[in-house]
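Inspection log for the structure reproduced underneath, given as structure tokens.
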Amino acid sequence: MTANGSPYASHTDAETEAMLSAIGAESEAELFDIPESVRFDESLGIEQRGEQAVRSLIDRTLERNDDLIEFLGRGHYDHYVPSMVDQLSSRSEFLTSYTQYQPEVAQGFLQALFEYQSMLVELTGLPVANCSMYDAATALGEAATLAIRVRAVDGDRVLVPERLQEGRRRTLESYLVGHDVGIETYPMADGIADVEALSERMGEETLLVYAETPTVRGTIEERLDAIGDLAADSGALFVVGSDPVALSVLERPADVGADVAIGEAATLGLPAAYGMGTGLFACREEFLRQVPGRLVGASEDASGRRAYTLTLQTREQHIRRERATSNICTNQAWVALRTAMHLAWLGPDGLIDLAEDCVTRPKELAARIDDIRGIGAPVHDRHHFREFVARTDQPAAAVAADLERDGYAVHVLDEHEIQICTTETNEDAIDGFLEALREAAR
Amino acid sequence: MTANGSPYASHTDAETEAMLSAIGAESEAELFDIPESVRFDESLGIEQRGEQAVRSLIDRTLERNDDLIEFLGRGHYDHYVPSMVDQLSSRSEFLTSYTQYQPEVAQGFLQALFEYQSMLVELTGLPVANCSMYDAATALGEAATLAIRVRAVDGDRVLVPERLQEGRRRTLESYLVGHDVGIETYPMADGIADVEALSERMGEETLLVYAETPTVRGTIEERLDAIGDLAADSGALFVVGSDPVALSVLERPADVGADVAIGEAATLGLPAAYGMGTGLFACREEFLRQVPGRLVGASEDASGRRAYTLTLQTREQHIRRERATSNICTNQAWVALRTAMHLAWLGPDGLIDLAEDCVTRPKELAARIDDIRGIGAPVHDRHHFREFVARTDQPAAAVAADLERDGYAVHVLDEHEIQICTTETNEDAIDGFLEALREAAR
Amino acid sequence: RYEPLLSEKNTDRVTVESSLPDGLTRDELTLPSLPEPALARHYTRLSEMNYGVESGPFPLGSCTMKYNPKFTEDVAARREASVHPDRSERSVQGLLEIQHRLQEQLATIGGMDAVTLQPPAGAAGEFTGILIAKAYHEANGDDRTEVVVPDSAHGTNFASAAMAGYDVVELPSGDDGRVDLEALSAALSERTAALMLTNPNTLGLFERNITEIAQMVHEVGGLLYYDGANLNALLGRGRPGDMGFDLMHYNVHKTFATPHGGGGPGAGPVGVTEELAEFLPDPHVRRADGGYERYTPVRSIGKVHGYEGNWLVLLKAYAYITRLGGAGLTDASAKAVLNANYLAERIEYEVPFGPFHHEFVASAGEQDAADAAKRMLDYGVHPPTTKWPETVDEALMTEPTEIERKRTLEQLAAAFNAARADDTETLEDAPQRTAARRIDQASAARNPRLSWQALDDE
Amino acid sequence: RYEPLLSEKNTDRVTVESSLPDGLTRDELTLPSLPEPALARHYTRLSEMNYGVESGPFPLGSCTMKYNPKFTEDVAARREASVHPDRSERSVQGLLEIQHRLQEQLATIGGMDAVTLQPPAGAAGEFTGILIAKAYHEANGDDRTEVVVPDSAHGTNFASAAMAGYDVVELPSGDDGRVDLEALSAALSERTAALMLTNPNTLGLFERNITEIAQMVHEVGGLLYYDGANLNALLGRGRPGDMGFDLMHYNVHKTFATPHGGGGPGAGPVGVTEELAEFLPDPHVRRADGGYERYTPVRSIGKVHGYEGNWLVLLKAYAYITRLGGAGLTDASAKAVLNANYLAERIEYEVPFGPFHHEFVASAGEQDAADAAKRMLDYGVHPPTTKWPETVDEALMTEPTEIERKRTLEQLAAAFNAARADDTETLEDAPQRTAARRIDQASAARNPRLSWQALDDE
């Protein structure tokens, strides 16, 4: 290879010579048709390093992160990802492949995505699921633009809960920049939607109502069907946010009248990953040709055998350009594959067991925390999923800072509220956490 | 699956029922034809755990190991293993396959082993290399039994260096238990073979002379050709021990008259792994039908294309039984695959660079250590490979204990000698190590 | 060999038992139920029916299917790399440091002053860039309504501009395949918010008049946006910032070797000039005393992702850039361009435009480009992108990338040439040697069956 | 598709430049030189030409090709697991603890009192066991010269006994496929150091007279050795120690799911009764105050491996045993036996002996068993072990293991039955659908070409 050249493009000098000569060029530089005035002199000033050196540099840098045990959630969750998911998704035929524009050599990935879609159909009860958006926040944005397309004559306002993960709210705002549509909120009552207040805010101008379960505070929404009825009455799109674990035991979005379900699919399949995720997106059949993102459909090959292919591509940007249902191209396909693998690994029993643990764990932990002097939990007298809010006598920020010093991370919500999330990945640390909290809270 | 049954044999109850009924049995227990008197009641007393729980248990236990930076060698070395080796060797088609008794569905592994053999042929200069023994120690034992078979009428003694890694020496003893052959040692002079003294010990009774380079003390043996001549003169088998990195720059065993080369092949391909390795074994053509272990040969398939197969199996235990060249059956094939991958990843330039680093690193480190008060290095005025011996004014054990407290591991050889090994995997730690040594040595 | 669906192997319908009140729960759940060994075989078999970069050459134009170095996967798999996004700034200093270093590396490579890592894909980067342009104009009290996009541009450019509320003005290409300055002049006006340009463009041609183009755009008060899809052609030899571009996105899954993953995840960082830095998404990372901090740029457009994008992908890109360094990146570009030229030299299909850089667009001529591509599958290679851009008849858009060596390029050329020599019937019957034969895409769209439930209903 | 050798792709001859004196170095080195992308494709392609447990059923009798749980690989890949073998006892307490726990688990499973983990494979375990027997007899001043081995035993039994210097006395099987007590009586004498027995034997038959056999061996002063190859048939339901065996080896790559790796590495721990514990290899691990220590058993036979065996393999076995627990192991055996019986019921080849446990030996009858096996490859499954043991004509030694479910067993049976229905010509021409057609093994042996250098010489 060229000295200091790319280790992954190691032409021998002889090969380079021969190729240049075949082309009829003297040098590689000559092949660059760049006017002198805008040429760059190659001085990028980035040092080249060996593979081992890069790994060790990154290891050393990452070690500067504090080694905290996280009791964090609020829309992004850490569940145990089985080894099988890592190892099988890493097979290069999956990992290094492209979007399936040549389905004859992409049947494996297409089938896996078809299976992913099918599992989401079962979980949501909605008959159409795409094979991924970037994350829950962008999926919510896409749901809003879907609403604009299908309800365009009817309204100019979307209604969201007053308590919503900040990234979801602000990403939604970005998706609405290009439209004359405003965002309004409806109030919560003791942790869940205040349906009466919501009812008063609904009107003809309402394009879309969004509700989620569990909510950002970990409460299970109790009146989705009532919200669904309100949406149906006013002709607004009803969008329900959730995740695959919760959906395995909670009411199906389809059964409470949802038109669209969105959420964070990579709650299964990925570790915390600093917020990297996958947007779940499913909807009713009538919106089929308005769906954003990729869809995999079943078909047949020339020998009559079942085969899979990307379908309804005329919705998409590479064909419809500015009239596409979305600009999304690269999506989160490989994460969706991992989510499907994780779902398959759990199976229906394992999934329900996991979901039930998400109901019982926060209940038990909240009860233990409630016994601590200087702290009360849960703040909301509701059913919880994975997490709950606690009220602190001490300033919440000080409590969290003390906990962090002891090696634990929690959310600070406001002056006297913290939020605590528990799953199987931090359960071993609960005793130590309670000990630290006992100190911090008093 | 059965409650608490094997998670990897999850027959449904209905399946089990149907299968029992097809067999005509009432229960699984009924299928066990074990007399009542020797039945066991299933009470193994080992708790079942989930996957996550097992991983976390083992992680917690392994964390009880001290996190030391190792300057350890003496026959077992840690080189940086590239990610490519881990990831490609882990493909299940390799990892979970069996010995290649059905070559038509094992061409991939056979070809990789053929390539491994070929690379060892190049490194040793000897035309026959098998596709692995357990480790260097058992390879030495196998070399000795080979000597007995091919030189049986001639002698009853093997000669080994007085300084030899303990495991090699004692494993050799085990391999000779069944034979009337004794082990004698020949002395070393300032770290390498004392050829004159060796010459005096050679005789008709000498079956085999073993020499290695680098030696267990890290010195490069300088008179291998003279030892080879002595062996040739007395009709003894000359066995040379080395490893693939050293062999890339040092004289080829074939060129110094070696009949057999043995050594630790997994010096490339595996991390330290608590002594797990792979025995390198190569020899002259005339011993072909006396070689222990598996051999892969080229052949053709029915369509005339090149194909590979295990060959000369009549040497082996499953055919020749008590007259086999060895009892070895399961060997280290997958590690040999990794070694071949690592060799291929380095290529000849990378391999020579690595070897040259193994020459310069210990030289530089010894020089820096020699500047420390209370310690002298290297003890032997020789060329070194990866490691060297240092003399301490303080008791060596105390110096090592101090170092260990500071996070570094070295060998203690005797009252005032320690041994220090350095490769690319500990080079980043050298400054800290010298600091600690400065404290410990005075 | 057909691989049954998971649902066809074993499905259980399970009654949901929960400690929650009945009214809040579903009644049952019906999903595949298989033990790990069966799943391992399922996904192993599926992988065998899929072509990746390690299966052979993958000269998919405009996609830059380069090799994804194995070690970057190990880097991203480190437990320390995976923290919750709501962690305190103080407790993730290592991660912030890597983000900051990557921001700086990308800025240097693109000749930009500031870079956000938040957009989770190239199209998200475009959308972010256009939102920044919009915010910039609005901050200037300037109400602009149009974005100009060349006809040969990626569909995402059109869609992203439209998503941000702009009217898209399509710019016809000149006879040489490049921007026609007269047409550009006609397209530009004080309504122009931005011109989005790919350079080299999708034909692999460098816009030689880039300085003039930039001047013209800037003269009407517009911004010049660089689509980073083809950045692999320029590394070390040309920087968008030096050419007059005001903002750009990078496709790390193209240029910086993070795997495409069958369609994602990628990452689409956006670089901007100093003037635009105050509009970057929230949060941005900067040095603070002794460490790093997150902050909100003063006129931030807000957020385009719930958190901070596809962090694990960005980490792989950082590992790649740090591995190659400036010299390696420059060499990668040089070899990518050399390879494209050598391959074009060896194939017998006509290549109408040039001189091209890292990719070229050949014409299948009388053949149907899609059919020719199917036939190439039979010859054991992945075909090029077909029928796009429309500026070339029956386009075969080809980008071998730097990773192929001479011999592989020759094998690839042989596959092209064999397909060229085949007759129409053969092409239409292709592929014959793949896991599936030609797939009927029309009927899939006519009768959409998007889940196994839909199959069961039949 | 033929995959060229690495050497055929690109080889460099490099002059060795070294700071060492010329006399100590070689002149040049000639090895393949390929960049990582080319290597990744090479090994990916090779893997595609290889059948593993995740490719489909693998009913290889006497090999116990069970599924290798993925998580055990992640466990063994932990950096903390890989330390140098010369580390001080004090600094590797975690590792010693796991070794000790595994010793105890294996002792419990086998009904033994002490277990060494050192032997790196089953055959090494046998050799270790026979060395222990020899040391034991020598310690008793007892000079014995023979080891008795049934004719149906694994070849390693014969070879291991011979390696330890013993004469091997072959014991003919009885008409029921089991040990014939009369023949045994004739074979035993005061020269007998040990009887090596596989139980159930290689026909899958439990030695019902095991108590009498043990008594007979002990009466002449011999030791009874258990070959653990078939232990997967007995987990939780029978323990060698309870049957009168004095020592045994375990094949962790068979019974405890560590991968076979194309021929290794495995591990062959040896268990012994209390009486023999003082002969175990050096070092052994035991509890010491508050931790664990290595020690040398007083009459240790010494070492059978340079260090302490295949640690990473042992760690995977520990992970597997800890995952399944006693209940899981017992169930694994039950399902392994159930599966063998169900499969035998479904196939049309005759199974002459029974009742068998986890494996059975069918007879191909008039067919050549090896040919029938090649034909099964065409039907997409891995065939059974063939032509062994010789106590069955044209043996098809079949062990489906517990991991296969009913449907897979039926598919497997269909492959057997299809081969049985094929004519001789078809069998002899098989396989037709594999990466390579039938390979000429005879000529490979007649004209050994064991390296690419040998091919070049032609």
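Chains as they are written, first to last, in this note's numbering: chain A, 78 to 519; chain B, 78 to 519; chain C, 53 to 510; chain D, 53 to 510. Note that CB positions come from ideal geometry on N, CA and C, so glycine has one too.
Do you know offhand how far residue i's Cα is from residue j's?
i, j, result
"residue 461 of chain A", "residue 126 of chain C", "36 Å"
"residue 79 of chain B", "residue 213 of chain C", "Any reading at residue 79 of chain B must be qualified, since the residue scores a pLDDT of 45, below 50, and its modelled position is unreliable; the value itself is stated next. Their Cα atoms are separated by approximately 57 Å."
"residue 501 of chain D", "residue 372 of chain D", "40 Å"
"residue 256 of chain D", "residue 142 of chain A", "56 Å"
"residue 316 of chain C", "residue 100 of chain A", "35 Å"
"residue 114 of chain A", "residue 276 of chain C", "18 Å"
"residue 421 of chain C", "residue 495 of chain C", "21 Å"
"residue 339 of chain D", "residue 161 of chain A", "35 Å"
"residue 209 of chain D", "residue 178 of chain D", "7 Å"
"residue 274 of chain A", "residue 169 of chain C", "39 Å"
Taking 8 Å as the cut-off, decide whether the C-beta atoms of residue i and residue j are in contact.
i, j, result
"residue 83 of chain C", "residue 312 of chain A", "no"
"residue 409 of chain C", "residue 266 of chain C", "no"
"residue 343 of chain A", "residue 354 of chain A", "yes"
"residue 312 of chain C", "residue 174 of chain A", "yes"
"residue 352 of chain B", "residue 380 of chain D", "no"
"residue 360 of chain B", "residue 205 of chain B", "yes"
"residue 349 of chain A", "residue 136 of chain C", "yes"
"residue 130 of chain D", "residue 136 of chain B", "yes"
"residue 432 of chain C", "residue 299 of chain C", "no"
"residue 283 of chain D", "residue 307 of chain D", "yes"
"residue 466 of chain B", "residue 456 of chain B", "yes"
Using only alpha-carbon positions, find the residue among the options that is nearest to residue i.
i, options, result
"residue 285 of chain B", "B:398, B:304 and B:428", "B:304"
"residue 484 of chain A", "A:377, A:146 and A:508", "A:146"
"residue 468 of chain B", "B:517, B:255, B:299 and B:191", "B:517"
"residue 410 of chain B", "B:111, B:166 and B:125", "B:166"
"residue 278 of chain A", "A:241, A:265 and A:405", "A:265"
"residue 355 of chain D", "D:368, D:342 and D:333", "D:333"
"residue 253 of chain B", "B:263, B:239, B:226 and B:271", "B:226"
Report buried or exposed for residue i, applying the criterion of at least 16 other Cβ atoms within 10 angstroms of its Cβ.
i, result
"residue 152 of chain B", "buried"
"residue 492 of chain A", "exposed"
"residue 237 of chain C", "exposed"
"residue 233 of chain D", "exposed"
"residue 385 of chain D", "buried"
To the nearest whole angstrom, what separates the beta carbons of residue i and residue j, a pair I think is in contact under 8 Å?
i, j, result
"residue 251 of chain B", "residue 211 of chain D", "With 8 Å as the limit, residue 251 of chain B and residue 211 of chain D do not qualify as a contact, their Cβ atoms being about 15 Å apart."
"residue 480 of chain A", "residue 132 of chain C", "Not really, about 20 Å apart at Cβ, beyond 8 Å."
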